[in-house]
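Protein chains in written order, with full-length UniProt numbering: chain A, 29 to 238; chain B, 29 to 238.
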């Protein structure tokens, strides 16, 4: 009673990337972004995201370097933290999500913002040189940009993939327009999410071609 | 230096659902699915998924009942397990993901299948009446259907949202065509993922209208 499907994971992987390569539009995509963007596509099943990708020219080079150097990864949600492949992080980077810390609720009230945005106040001891991975909440990305405007130490890269209908597109436009010169990658519009964010981290951690 | 965005989470939530309601096509969607599907849309930022949703007529009723009764939730990935809102599970349902159990690698070799599919062999003690949540791997959904064909005890509901280019569409078509009469919901085609799967569980657990 075996159903007819491919059972071998390397075969599934290889065929998936063949399909992605055959369908994705490589025009205007910098060569060093191609493998990374293929992995984002693989995570969401949509080849048309290429047109909405925007990235700083140093994103891939700096991202690989700081992950290999063991810099902490700061995540807005537990889903992002849970998806990161520990086995690919050879430098055993700390993976930090402060959303469920007990003081976050009070901070949210104090600053008049969401819990997800308030959780960033607890990132400050780790932020300098860290990898920031925002896969869910537009308010977290807005708050990050505000804190940078206020002089917070800079992370090394920003993976900005909030998803949804209120604030997502605007927060990602603000990231792409920000003047802090921090290497970033984003997917403009409403689409985004934790799976795409995790795929970006895992791709940069793996640091190889497909 | 405050940026211009909505800071209040209930306000963000309310406006998001106003946008979703104004854009989504309700034709051919059974009334009891509307709230659930709105939450799936909220999780992925795409109102056009409605056309690809397929669900058993008893999915919502049975799903609410078994979650309220404390049945275990079996997840294919740690990301799905991490995203489920514990605070909405008033019956403190066990959340189980067997993917990282040490014996999974050997089982995969024995059965000639992926690790994700092999992990289902460890679901057998919990499967009867459980909630199955597959948010990533087509081979896990194929394997589930095979095990049911072979007489494994039935789960109460199946949330089938594998994503990707190889097997995802076929595994979801097989779920919708399966003859086991187990209430299910799926999103046909390549799209799917852990965020949508988690949104389905959280919506059924919450059990209210928006």
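Note that the Cβ used here is the ideal one computed from N, Cα and C, for glycine as well.
If you're wondering where the values come from, they're calculated on a predicted model, not measured in any experiment.
Check	Outcome
Anything in the region 186 to 219 of chain B with a Cβ closer than 8 Å to a Cβ of chain A? List those residues in chain order, please.	191, 192, 193, 194, 195, 196, 198, 199, 202, 217, 218, 219
Specify the secondary structure class of residue 26 of chain B as computed by DSSP and reduced to three states.	A question about residue 26 of chain B goes unanswered here, because the residues of chain B that appear run from 29 up to 238.
Under 7 Å between the Cβ atoms of residue 126 of chain B and residue 167 of chain B?	no
Among the candidates A:88, A:182, A:202, A:203, whose CA atom is the shortest distance from the CA of residue 233 of chain A?	A:88
How should residue 104 of chain A be labelled, buried or exposed, when 16 other C-beta atoms within 10 angstroms of its C-beta is the threshold for buried?	buried
Can you give me the start and stop residues for the beta strand (DSSP E) that residue 215 of chain B sits inside?	212 to 215
Scan the region 116 to 147 of chain B for residues whose Cβ lies nearer than 9 Å to a Cβ of chain A and list them as they occur along the chain.	136, 139, 140, 141, 142, 143, 144, 145
Name, please, each residue of chain B whose Cβ falls closer than 8 Å to the Cβ of residue 44 of chain A.	192, 193, 194
On the premise that residue 203 of chain A lies in contact with residue 186 of chain A, defined as a C-beta separation below 8 Å, what is that separation, rounded to the nearest angstrom?	6 Å
Could you tell me which chain B residues have their CB closer than 7 Å to the CB of residue 34 of chain A, listed as they occur along the chain?	194, 195
With H, G and I counted as helix, E and B as strand and the rest as coil, what does DSSP make of residue 82 of chain B?	strand
If I measure Cβ to Cβ from residue 34 of chain A and keep anything under 8 Å in the same chain, skipping five residues before and after, which residues do I get?	40, 43
Residues of chain B with CB under 8 Å from residue 73 of chain A, in chain order?	191, 192, 193, 196, 217, 218, 219, 220, 221
Any Cβ of chain A within less than 7 Å of the Cβ of residue 174 of chain B?	yes
Look up residue 103 of chain B in the DSSP assignment and give the residues it is bridged to.	B:161
Taking the alpha carbon of residue 128 of chain A as the point to measure from, which residue in A:139, A:74, A:144, A:138 has its own alpha carbon closest?	A:144
So which residues of chain A does residue 47 of chain B contact, with C-beta pairs closer than 8 Å?	193, 194
What does residue 188 of chain B pair with, by DSSP beta-bridge criteria?	B:162, B:214
Just checking: is the beta-carbon of residue 111 of chain B within a distance shorter than 7 Å of some beta-carbon in chain A?	yes
Can you give me the C-alpha to C-alpha distance between residue 81 of chain B and residue 46 of chain A, rounded to a whole angstrom?	27 Å
Can you check whether the C-beta of residue 107 of chain B is within less than 7 Å of a C-beta belonging to chain A?	yes
State the start and end residues of the unbroken alpha helix (DSSP H) segment that holds residue 134 of chain A.	132 to 139
Could you check the C-alpha separation between residue 165 of chain A and residue 179 of chain B for me, to the nearest Å?	43 Å
Report the option in B:220, B:230, B:227, B:69 whose CA atom is closest to the CA atom of residue 69 of chain A.	B:220
Could you give the C-beta distance for residue 77 of chain B and residue 172 of chain B, rounded to a whole number, given that I count them as a contact under 8 Å?	With a Cβ gap of about 22 Å, residue 77 of chain B and residue 172 of chain B do not count as contacting.
Which of the three DSSP states, helix, strand or coil, is assigned to residue 124 of chain A?	strand
Closer than 7 Å by C-beta to residue 48 of chain B: which residues in its own chain qualify, once you throw out the five before and the five after it? Chain order, please.	66, 69, 70, 75
What is the DSSP secondary structure of residue 41 of chain A, reduced to helix, strand or coil?	helix
Just the chain B side, please: which residues come within less than 8 Å of residue 70 of chain A by C-beta, in chain order?	192, 193
Does residue 138 of chain A pass the burial test, meaning 16 or more other C-beta atoms within 10 Å, or should it be called exposed?	exposed
Can you list, in chain order, the residues of its chain with a C-beta nearer than 7 Å to that of residue 99 of chain A? Leave out the 5 residues immediately preceding and following it.	121, 157, 158, 159, 184
How is residue 65 of chain A classed by DSSP in three states: helix, strand or coil?	helix
Would you verify that the beta carbon of residue 37 of chain B is, or is not, closer than 7 Å to some beta carbon of chain A?	yes
Is it buried or exposed for residue 205 of chain B, if we count other Cβ within 10 angstroms and need 16 for buried?	exposed
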